[in-house]
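A.B. asks: Structure in structure tokens, see below.
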């Protein structure tokens with residue numbers, strides 16, 4: 216695992232290579248009800264916290280003088296969004312810069328088991344027409360092909376916000392060169408199905424603190 | 093980075109290989125006064141927290157029904173000891189098991205010399221004769237002069253202060269880093285003279301040395317290459333203790349803070 220030098224705006228976040236073996240589960244703690252369901256730890260909770268702190272700083276630096284509306288994509292984005300907003304609030308409290316944030320939530324339903332579906336539903340949230348003329352920060356847990364994000368952005372852009380930025384905790388490395396890249400992201404990971412830190416497998420594993428790879432036993436156990 | 097399967101008692105902790113490039117500094121936050129002094133981040137603070145949480149659980153499992161005395165070796169061990177004790181307290185609060193812990197602090201003061209260690213001085217702490225018949229747990233930090241040119245020699249000198257303890261306890265030593273293990277062996281020899289019931293050692297870091305008979309603590313967080321590391325209370329001439337991640341210092345930093 217190594218990051219690229221330079222600013223994060225053009226950087227690649229923490230890059231986790233394809234042959235990264237992860238961490239053995241018995242080196243960390245995790246909920247007992249998941250014993251036997253996981254393969255290994257991909258990203259420990261603590262390093263997510265550290266990386267998010269840096270993303271908060273980068274975001275403050277770029278858009279810190281604006282009022283922003285944070286649009287959290289549920290459910291997988293809730294942990295990352297909560298922690299990111301908390302870090303931004305800390306920075307705001309303890310520095311000259313002040314960022315006024317409102318938070319709203321939307322849901323995009325698009326996965327069944329571990330396969331991506333064709334159609335996507337956007338539900339919840341306030342009247343999106345209120346975003347007109349506002350600075351919007353979309354906070355997402357993971358970007359894969361980018362299709363979901365592009366659909367969401369198209370929908371938001373219809374309401375003509377002043378600016379839209381996207382922050383995602385994870386970005387999957389896909390073979391497509393035109394893959395969508397968020398403005399801010401924590402980790403670039405291999406094309407694996409990951410759970411934990413609010414990312415789920417059929418609603419399970421959201422209460423797992425580390426980001427892990429699920430094993431076959433877990434997939435079978437929680438399959439619908 | 094990968095850990096070995098199986099229990100931690102026989103495990104190797106999180107193994108950081110020699111060719112591990114670490115993390116670029118601009119992926120994390122750290123104090124501004126150290127900008128330009130560091131090469132890269134070896135171990136981010138957050139994963140230290142996660143790993144320590146597991147060590148606390150393992151320790152509770154092994155010695156959780158005893159009263160223990162935690163012996164923290166200052167200064168480098170203070171962060172690890174504080175966080176480890178905090179995790180153990182949390183577990184104790186929230187489970188059936190109850191662990192009664194007292195904490196004490198010692199300093200291993202070495203005389204400045206960049207040759208092999210001759211003497212080591214143990215200062216501070218309560219009267220070590222009170223450890224007789226008691227289980228001992230030590231939290232310890234100490235530098236091995238063989239690995240670090242800056243680390244001085246040390247000589248053993250025991251404290252003779254009065255100790256208020258009257259109950260039997262285990263003693264656990266918590267260290268920040270074990271290099272060749274020589275410091276730890278000297279410390280253990282000294283403590284064993286007082287015949288505690290049991291001694292365990294927990295170290296945050298263990299250096300991978302080429303010596304097959306290198307000392308291994310009972311519990312350790314990370315096995316690292318033979319590098320000079322700073323941060324998370326580990327210092328370079330008293331600097332970098334206030335750095336939250338464990339990092340490798342660069343030449344600019346070494347020159348800047350050289351004595």
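Chains as they are written, first to last, in the working numbering: chain A, 216 to 439; chain B, 93 to 351. Note that the Cβ used here is the ideal one computed from N, Cα and C, for glycine as well.
At the level of alpha carbons, what is the spacing between residue 289 of chain A and residue 339 of chain A?
C.D. replies: Those two C-alpha atoms are separated by around 9 Å.
A.B. asks: Which first and last residues belong to the beta strand (DSSP E) in which residue 387 of chain A is found?
C.D. replies: Looking at the DSSP string, the run of the beta strand (DSSP E) that includes residue 387 of chain A is 378-387.
A.B. asks: Would you kindly work out how many angstroms separate the C-alpha atoms of residue 395 of chain A and residue 215 of chain B, rounded to a whole number?
C.D. replies: Roughly 59 Å separates the two Cα atoms.
A.B. asks: DSSP puts residue 446 of chain A in a beta bridge; with which residues?
C.D. replies: This structure cannot speak to residue 446 of chain A, because chain A is shown only from 216 to 439.
A.B. asks: Using beta carbons (cut-off 7 Å, strictly below), is residue 345 of chain B in contact with chain A?
C.D. replies: Judged by the 7 Å Cβ criterion, residue 345 of chain B is not in contact with chain A.
A.B. asks: With a 10 Å radius around its C-beta and 16 neighbouring C-beta atoms as the bar for buried, classify residue 252 of chain A as buried or exposed.
C.D. replies: With 16 or more Cβ atoms within 10 Å of its Cβ, residue 252 of chain A is classed as buried.
A.B. asks: May I have the straight-line CA-CA distance separating residue 225 of chain A from residue 397 of chain A, to the nearest angstrom?
C.D. replies: Model confidence at residue 225 of chain A stands at a pLDDT of 44, short of 50, so the residue's coordinates are unreliable; what they give is reported in the following sentence. Answer to the nearest angstrom: the Cα atoms are 11 Å apart.
A.B. asks: If we call anything under 7 Å between Cβ atoms a contact, is residue 292 of chain A one with residue 356 of chain A?
C.D. replies: In contact: residue 292 of chain A and residue 356 of chain A (Cβ atoms closer than 7 Å).
A.B. asks: Under 7 Å between beta-carbons, which chain A residues line up against residue 156 of chain B? List them in chain order, please.
C.D. replies: Chain A residues near residue 156 of chain B: none, gap ~15 Å exceeds 7 Å.
A.B. asks: Can the beta-carbon of residue 245 of chain A be found closer than 7 Å to that of residue 423 of chain A?
C.D. replies: Yes. Within cutoff.
A.B. asks: My parser needs the alpha helix (DSSP H) runs of 4 or more residues fully inside the stretch 256-307 of chain A; what are they?
C.D. replies: Whole alpha helix (DSSP H) segments, 4+ residues: 260-278.
A.B. asks: Could you pull out every residue in the same chain whose Cβ sits closer than 7 Å to the Cβ of residue 148 of chain B, ignoring the five residues on either side in sequence?
C.D. replies: Once the five neighbours on either side are set aside, the close Cβ partners of residue 148 of chain B are 176, 179, 180, 183.
A.B. asks: Residue 137 of chain B CB to nearest chain A CB: under 7 Å?
C.D. replies: Yes, residue 137 of chain B lies at the interface with chain A (some Cβ there is under 7 Å from its Cβ).
A.B. asks: Pull up the distance between the alpha-carbon of residue 273 of chain B and that of residue 239 of chain A, whole angstroms please.
C.D. replies: About 26 Å.
A.B. asks: Provide the residue(s) that pair with residue 194 of chain B in DSSP beta bridges, ordered along the chain.
C.D. replies: In the DSSP output, where bridge partners are listed per residue, residue 194 of chain B has B/161.
A.B. asks: Check distances from the C-beta atoms of the stretch 258-284 of chain A to those of chain B and list, in chain order, the residues that come in under 8 Å.
C.D. replies: Flagged, chain order: 259, 260, 261, 262, 263, 264, 265, 266, 268, 269, 272.
A.B. asks: Does any CB atom of chain B fall closer than 7 Å to the CB of residue 242 of chain A?
C.D. replies: Yes, residue 242 of chain A counts as interfacial toward chain B.
A.B. asks: List the residues of chain A that residue 141 of chain B touches, going by C-beta distances under 7 Å, in chain order.
C.D. replies: Within 7 Å Cβ-Cβ: 261.
A.B. asks: Within the 7 Å Cβ cut-off, does residue 176 of chain B reach chain A?
C.D. replies: So, not an interface residue.
A.B. asks: Thinking residue 231 of chain A and residue 404 of chain A are a contact (beta carbons under 8 Å), I'd like their distance in whole angstroms, please.
C.D. replies: Rounded, the Cβ-Cβ distance is 5 Å, consistent with contact.
A.B. asks: I need the DSSP call for residue 184 of chain B, collapsed to helix, strand or coil.
C.D. replies: Reduced to three states, the DSSP call for residue 184 of chain B is helix.
A.B. asks: Are the C-beta of residue 319 of chain B and some C-beta of chain A separated by less than 7 Å?
C.D. replies: For residue 319 of chain B, the answer is no, since every Cβ of chain A falls outside 7 Å of its Cβ.
A.B. asks: Could you give the distance in angstroms between the alpha-carbon of residue 419 of chain A and the alpha-carbon of residue 370 of chain A?
C.D. replies: The straight-line gap from Cα to Cα measures roughly 29 Å.
A.B. asks: Going by DSSP in three states, residue 428 of chain A sits in which element: helix, strand or coil?
C.D. replies: In the structure shown, residue 428 of chain A sits in a strand (DSSP, three-state: E or B).
A.B. asks: Who are the neighbours of residue 189 of chain B on chain A, taking C-beta pairs under 7 Å?
C.D. replies: Near residue 189 of chain B there are no residues of chain A at all, since even the closest Cβ is about 15 Å away, more than 7 Å.
A.B. asks: By the DSSP assignment, the beta strand (DSSP E) with residue 356 of chain A in it spans what residues?
C.D. replies: 350-358 is the extent of the beta strand (DSSP E) around residue 356 of chain A.
A.B. asks: Where does residue 146 of chain B sit, in a helix, a strand or coil, going by DSSP?
C.D. replies: DSSP places residue 146 of chain B in helix when its eight states are reduced to three.
A.B. asks: What does the Cβ neighbour count give for residue 377 of chain A, buried or exposed, with the cut at 16 atoms within 10 Å?
C.D. replies: Residue 377 of chain A comes out exposed.
A.B. asks: Can you tell me whether residue 109 of chain B is buried or exposed, with buried defined as 16 or more other CB within 10 angstroms of its CB?
C.D. replies: Result: exposed.
A.B. asks: Answer yes or no: do residue 294 of chain A and residue 382 of chain A have a C-beta to C-beta separation smaller than 7 Å?
C.D. replies: Contact flag unset, no.
A.B. asks: Within this structure, are the beta carbons of residue 169 of chain B and residue 268 of chain B separated by less than 7 Å?
C.D. replies: In contact: residue 169 of chain B and residue 268 of chain B (Cβ atoms closer than 7 Å).
A.B. asks: Is the beta carbon of residue 319 of chain A sitting closer than 7 Å to the one on residue 352 of chain A?
C.D. replies: No, these two residues do not count as a Cβ contact at 7 Å.
A.B. asks: Against chain A, does residue 119 of chain B count as a neighbour if the rule is that its beta carbon must be under 7 Å from one of theirs?
C.D. replies: With 7 Å as the cut-off, residue 119 of chain B counts as an interface residue toward chain A.
A.B. asks: Just how far apart, CA to CA, sit residue 335 of chain B and residue 160 of chain B?
C.D. replies: Cα to Cα, the separation comes out at about 30 Å.
A.B. asks: According to DSSP, is residue 174 of chain B part of a helix, a strand, or is it coil?
C.D. replies: Helix, per DSSP.
A.B. asks: So what's residue 253 of chain A in DSSP terms, helix, strand or just coil?
C.D. replies: Here residue 253 of chain A sits in strand by DSSP.
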